[in-house]
Structures are given as C-alpha cells and as structure tokens.
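Protein chains in written order, with the working numbering: chain E, 33 to 144; chain V, 4 to 118.
The structure is reproduced here in structure tokens:
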C-alpha cells in the first residue's frame with residue numbers, strides 16, 4: 033500500500049532551470065494538493081485539484097504550474113527556478129477536501 | 004476567507020507536564036472541519052484528528068484530548084503527561100464545506116519535551 037509517493041526526495045537546481053516534482057497516489061482520491069513548507073510559515077497551499085482535469089490556485093501559485101490528466105498523478109512544475117522557491121514540498125491527497133489528507137514524504141528542493 | 008491562527012510558535016515543557024496547544028480559526032461557513040496534524044523531527048505529516056462544526060463534544064484519545072468551542076472559535080489540543088516522543092511541530096487546519104474550498108493550515112507550534 034504505497035499511499036502518496038513523491039519523487040525525487042532531494043533536488044538541487046540552478047536558478048533558471050525547470051523541473052517537475054512528481055506526485056502519485058494509489059488510493060483513488062479525488063482531491064490532491066501541493067504545499068510548500070518554509071521555516072515559520074507553516075504549510076502554504078500552492079495548487080490543488082478536486083478531480084482529473086480540474087485544477088485551481090492556492091495561496092502561493094506564482095512560478096508553479098500543475099496539471100491533472102489522471103486521478104492518480106498530480107505533477108508540480110517549476111518553470112524557471114528561483115532561490116525563493118527553495119523549500120520542502122509536500123503533496124497530499126484525500127477523498128474530498130474535507131477529509132483527512134494523506135501526505136507524501138516531501139521533496140527537499142534547493143535552488144542555487 | 005478561512006484563517007487559522009496558532010499563536011504559540013514554540014513551547015518547551017519538562018517530561019510528564021501537561022501542555023495545551025492553542026488553535027483559533029476564522030470562517031464564515033457554518034459547516035466546516037477542523038484538523039490537527041503532527042510533524043515529528045523525521046519530517047512526515049501525521050493526521051491526528053478531524054472534527055466537524057456540528058460536533059462540539061470533546062475528544063480524548065489516550066494522552067491526547069481536544070477541546071472544541073464554537074463560541075470562541077477555538078480547537079485546542081492538550082497532551083497529558085507529555086513524553087519526549089511528543090516533541091514535534093503540530094499544525095491545526097481548517098476546511099470549510101462551501102465547495103472546492105482547500106484546507107488551510109496554521110503556522111504550527113513547535114513542542115519540545117525535555118527529559
């Protein structure tokens with residue numbers, strides 16, 4: 033029972049590079065979301081999706097893109113990495129947005 | 004808009020002390036859900052409890068208890084007889100039931116339990 037799987041676990045990028053953080057869940061959850069966690073800031077919502085083909089912006093969406101072509105996958109794309117995007121990124125899923133979230137183990141991303 | 008405030012940034016207690024983590028929320032919805040999550044030093048996020056706005060009964064689970072008071076918009080979390088393993092960051096979160104409303108987290112309270 034894999035739950036929510038995030039890859040990679042660690043990544044170092046140079047400013048201006050692009051990359052995709054992968055997130056997959058095997059629980060047939062409709063709701064998926066991406067958060068970033070920075071010291072003293074808690075968890076801030078980047079983007080979320082209530083089902084395949086539907087995405088919406090959260091609190092801090094700038095610099096990130098998402099898509100939801102399948103129920104299982106919800107990748108997060110950094111178009112042109114900036115040092116301000118250095119953070120720990122968590123993907124989460126749940127049956128619905130008012131149900132407990134299942135979190136992945138996180139991706140620690142450093143932008144130099 | 005939804006908002007969750009955890010005023011206590013860091014708390015330090017000696018083992019076996021009781022400790023209460025405060026959570027105050029704001030929402031205009033009459034139906035909503037409140038959550039607590041734990042993030043131990045290993046970094047994963049662990050779900051602790053979910054409570055809906057119509058259920059104001061206090062909840063007890065072992066050494067953990069939760070006090071939900073709609074009158075003060077608070078959902079406080081108490082750990083009785085704290086242990087070193089309780090050391091973690093604890094997050095309170097809110098989800099309103101107005102359709103497609105994402106979960107909003109507080110900034111967390113870092114609890115350190117000293118042996």
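Glycine included, every Cβ here is placed at the ideal spot set by N, Cα and C.
Paired residues, beta bridge with residue i - DSSP
i, result
"residue 51(E)", "110(E)"
"residue 74(E)", "70(E)"
"residue 129(E)", "In the DSSP output, where bridge partners are listed per residue, residue 129(E) has none listed."
"residue 13(V)", "113(V)"
"residue 61(V)", "Answer is none; residue 61(V) lacks a bridge partner."
"residue 46(E)", "DSSP output for residue 46(E) lists no bridge partner at all."
"residue 123(E)", "66(E)"
"residue 68(V)", "63(V), 81(V)"
"residue 23(V)", "81(V)"
"residue 97(V)", "37(V), 107(V)"
Inter-residue spacing [alpha-carbon to alpha-carbon] between residue i and residue j
i, j, result
"residue 73(E)", "residue 67(E)", "11 Å"
"residue 27(V)", "residue 99(V)", "14 Å"
"residue 38(V)", "residue 50(V)", "8 Å"
"residue 43(E)", "residue 36(E)", "19 Å"
"residue 63(V)", "residue 95(E)", "42 Å"
"residue 54(V)", "residue 49(E)", "42 Å"
"residue 132(E)", "residue 60(E)", "14 Å"
"residue 113(E)", "residue 77(V)", "39 Å"
"residue 32(V)", "residue 117(E)", "33 Å"
"residue 42(V)", "residue 75(E)", "11 Å"
"residue 66(V)", "residue 98(E)", "40 Å"
"residue 16(V)", "residue 45(V)", "20 Å"
"residue 52(E)", "residue 93(E)", "15 Å"
"residue 114(V)", "residue 87(V)", "10 Å"
"residue 84(V)", "residue 81(E)", "40 Å"
Within 7 Å, strictly: CB atoms of residue i and residue j
i, j, result
"residue 106(E)", "residue 122(E)", "no"
"residue 70(E)", "residue 142(E)", "no"
"residue 92(V)", "residue 111(V)", "yes"
"residue 107(V)", "residue 89(V)", "no"
"residue 69(V)", "residue 52(V)", "yes"
"residue 57(E)", "residue 125(E)", "yes"
"residue 90(E)", "residue 77(E)", "yes"
"residue 129(E)", "residue 105(V)", "yes"
"residue 137(E)", "residue 47(V)", "yes"
"residue 6(V)", "residue 29(V)", "yes"
"residue 80(V)", "residue 40(V)", "no"
"residue 56(V)", "residue 75(V)", "no"
Where the beta strand (DSSP E) containing residue i begins and where it ends
i, result
"residue 59(E)", "Counting along the chain, residue 59(E) falls outside any beta strand (DSSP E), and DSSP gives it neither H nor E."
"residue 41(V)", "35 to 42"
"residue 38(E)", "36 to 39"
"residue 53(V)", "49 to 55"
"residue 139(E)", "139 to 143"
"residue 6(V)", "6 to 8"
"residue 151(E)", "Limits of chain E in this structure are 33 at one end and 144 at the other, which puts residue 151(E) out of reach."
"residue 118(V)", "Unbroken run through residue 118(V): none, as it is neither H nor E."
> Is it a yes or a no for the stretch 90 to 105 of chain E touching the stretch 7 to 24 of chain V, going by three-plus beta-carbon pairs under 8 Å?
Replying inline: The stretch 90 to 105 of chain E and the stretch 7 to 24 of chain V do not touch, with fewer than 3 CB-CB distances between them shorter than 8 Å.
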